[in-house]
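Everything on this sheet refers to the single structure shown next.
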Amino acid sequence: MEFQRHRGFSITIKLTTWLLLIATVSITPSHAVPRRGPYDEKPRYRNPITEIKYASPSCRAHVSSLTEFGGVGDGTTLNTDAFRSAVEHLSQYSSTGGGMLYVPAGKWLTGPFNLTSCFTLFLDKDATILATQDVNQWPLIDPLPSYGRGRDKPGGRYSSLIGGANITDVVITGDNGTIDGQGASWWQKFHKNQLKYTRGYLIELLYSDRILISNLTLVNSPAWNIHPVYSSNIVVSSKTILAPVHSPNTDGINPDSCSQVRIEDCYVVSGDDCVAIKSGWDQYGISYGMPSQHIVIRRLTCISPPVLSLRLEVRCLVASKTSVPKT
């Protein structure tokens, strides 16, 4: 099995090293330091990061199944139009209780599609969203402003499988269903220098607020798995993320120029960093000037190549307090 613990890839010591490093570079903001009165025995203050909460997906007022929009879960029929039509239909309910798209049992082949505000994407336990391997089905988009260019190649990049921009109150969850990036063909092109543009990610949300990603299994992403960027109030919880340890740049969770982030109870096997806290790329990130800050990471199980596991990229701007509590 590709996801077994390979000899030489234990990260226990390396992860401990990174925890110590992060603890060393953490700076506690002044507003988080409690004032102690003469009779106080313990400091008392509220941590807004650990108090981020979201309503149950069942609270959405309007629910539709992918099959209502022509979806066919046979593993070969392309369902991109069905996903896009379903999201567009449910977007009309953003001000009247929101909408939930239910993905039933089956294998749902699709190209990239975007989410909307006040929206839940819910996968049945026997549902698998399969990313198409047809490169022509992946739209090209501009590089991120804090990156200046594509990471794999100069110029543009492919869309992420599940994306969105300028949206609020977004939930991607399920009964431990699966999102499969079918990334092997992308990894092969990367190793053979056959890529014309930068690979897409599994999930990328930009300029967004109140994001919950939970209770799903992500496997074989073409590159990074979860990439919130320029966003806030994010919870990534109870996720299983799997990729072969030799797969290139299959980072697990990369909050990028984000604030108020909580990552917890996740199991990650990847070919690169399990978690990498970013704020753009080198001089482009410094010029953009949007740091990552107020981040809590706890109860994370991580398997990755030596030296790579949990990374705080101080080459850009990571500000305030990044907390990795002891568990």
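Under mature numbering (1 follows the signal peptide of the UniProt record, and there is no 0), residues -32 to -1, 1 to 295 are what the sequence shown spells out, in order.
Glycine included, each C-beta is placed from N, C-alpha and C at the ideal position.
Beta-carbon gap between residue i and residue j smaller than 8 Å
{"i": "N222", "j": "N183", "result": "no"}
{"i": "G131", "j": "Y165", "result": "no"}
{"i": "I140", "j": "I171", "result": "yes"}
{"i": "G149", "j": "L129", "result": "yes"}
{"i": "G253", "j": "V236", "result": "no"}
{"i": "D241", "j": "S272", "result": "yes"}
{"i": "V71", "j": "D49", "result": "no"}
{"i": "Q261", "j": "S227", "result": "yes"}
Spatially closest choice to residue i from the options, by CA coordinates
{"i": "V213", "options": "A152, K93, T84", "result": "A152"}
{"i": "Y198", "options": "D148, R167, K246, K207", "result": "K246"}
{"i": "D94", "options": "A73, S114, G79, C86", "result": "A73"}
{"i": "L174", "options": "N82, V243, D219, L210", "result": "N82"}
{"i": "N56", "options": "H30, W76, L46, G43", "result": "Note that residue 56 corresponds to Glu in the displayed sequence, not to Asn. Considering only alpha carbons, the answer is H30."}
{"i": "R28", "options": "Q60, F87, G43, P80", "result": "F87"}
{"i": "S200", "options": "V264, G65, R117", "result": "V264"}
{"i": "N47", "options": "T78, Y70, Y61, S62", "result": "T78"}
{"i": "S255", "options": "C270, S114, P190, T146", "result": "S114"}
{"i": "T100", "options": "H159, N188, V138", "result": "N188"}
{"i": "L186", "options": "S238, D224, K160, V138", "result": "S238"}
{"i": "F37", "options": "W155, L69, G43", "result": "L69"}
{"i": "R267", "options": "M258, P259, L278", "result": "L278"}
{"i": "F51", "options": "Q60, L34, A244, V203", "result": "L34"}
{"i": "V138", "options": "I202, I147, W192, N161", "result": "I202"}
{"i": "T208", "options": "T45, S32, C270", "result": "C270"}
{"i": "A244", "options": "W192, L180, A211", "result": "W192"}
{"i": "G43", "options": "T96, P80, W155", "result": "T96"}
{"i": "A211", "options": "I181, P259, W154, L180", "result": "W154"}
Strand pairing of residue i, partner residues [DSSP]
{"i": "residue 297", "result": "With the chain covering -32 to 295 only, the question about residue 297 has no answer from this structure."}
{"i": "I231", "result": "V204, I265"}
{"i": "S33", "result": "Y70"}
{"i": "D177", "result": "T136, S200"}
{"i": "I271", "result": "V237"}
{"i": "T146", "result": "T96, T185"}
{"i": "H195", "result": "E172"}
{"i": "I221", "result": "I194, V243"}
{"i": "T88", "result": "M68, V139"}
{"i": "D102", "result": "Note: D102 sits in no beta bridge, so no partner."}
{"i": "W155", "result": "W155 is not bridged to any residue."}
{"i": "W76", "result": "I97"}
{"i": "residue 312", "result": "Since the displayed the chain opens at -32 and closes at 295, residue 312 lies outside it and no answer follows."}
{"i": "F81", "result": "I130"}
{"i": "T166", "result": "R125"}
{"i": "L278", "result": "V243"}
Length of the line joining the Cα atoms of residue i and residue j
{"i": "L163", "j": "K121", "result": "7 Å"}
{"i": "S(-7)", "j": "R230", "result": "Residue placement at S(-7) is poorly supported in this model, since its pLDDT is 33, which falls under 50; the coordinates are not used for a value here."}
{"i": "R178", "j": "N134", "result": "11 Å"}
{"i": "P107", "j": "G41", "result": "23 Å"}
{"i": "V103", "j": "N217", "result": "18 Å"}
{"i": "L89", "j": "T64", "result": "17 Å"}
{"i": "P11", "j": "G118", "result": "With a pLDDT of only 47 at P11, under 50, the local geometry of the prediction cannot be trusted, and the value read off the model is given with reservation. Whole-angstrom Cα-Cα distance: 46 Å."}
{"i": "V116", "j": "W249", "result": "The sequence shown places Gly at residue 116, not Val. Taking the straight line joining both Cα atoms gives about 8 Å."}
{"i": "S62", "j": "H159", "result": "43 Å"}
{"i": "P111", "j": "G39", "result": "31 Å"}
{"i": "I147", "j": "G257", "result": "33 Å"}
{"i": "S32", "j": "K157", "result": "37 Å"}
{"i": "S215", "j": "P80", "result": "21 Å"}
{"i": "Q105", "j": "T45", "result": "13 Å"}
{"i": "Q60", "j": "P259", "result": "34 Å"}
{"i": "S206", "j": "L180", "result": "11 Å"}
{"i": "Q(-29)", "j": "V204", "result": "Residue placement at Q(-29) is flagged as unreliable, the pLDDT there being 39, under the threshold of 50; the coordinate-derived value follows with that caveat. Roughly 24 Å separates the two Cα atoms."}
{"i": "N161", "j": "S176", "result": "33 Å"}
Cβ-Cβ separation, residue j to residue i (assumed contact under 8 Å), whole Å
{"i": "W76", "j": "L98", "result": "6 Å"}
{"i": "Y126", "j": "G168", "result": "4 Å"}
{"i": "T136", "j": "S53", "result": "Actually they are not in contact, since the Cβ atoms of T136 and S53 sit about 22 Å apart, beyond 8 Å."}
{"i": "D224", "j": "P190", "result": "With a Cβ gap of about 17 Å, D224 and P190 do not count as contacting."}
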